[in-house]
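Residue numbers (full-length UniProt numbering): 1 to 48.
Idealized CB from N, CA, C, for every residue including glycine.
Following: one structure in structure tokens, then a few remarks.
Set out below in structure tokens:
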């Protein structure tokens with residue numbers, strides 16, 4: 001999308017009017033993981 005005002009407005013308009021694109025965008029996975037990293041580390045350390 002970038003930072004241009006025109007692109008932001010156009011993409012926002014598309015998301016507000018195109019249900020398929022909105023659903024695909026809103027269902028994106030969290031790029032930082034599932035939030036269980038600490039628990040996984042503790043479990044691994046407890047196994048040793």
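As for any alpha helix (DSSP H) of minimum length 4 sitting wholly inside the UniProt domain "UDP-N-acetylglucosamine 2-epimerase" (2-45), the runs are 5-17, 19-26, ordered along the chain. Straight across, the Cα-Cα distance linking residue 28 with residue 35 is about 15 Å. Around residue 21, the same chain offers 14, 15 as residues with beta carbons nearer than 7 Å, after the five sequence neighbours per side are excluded.
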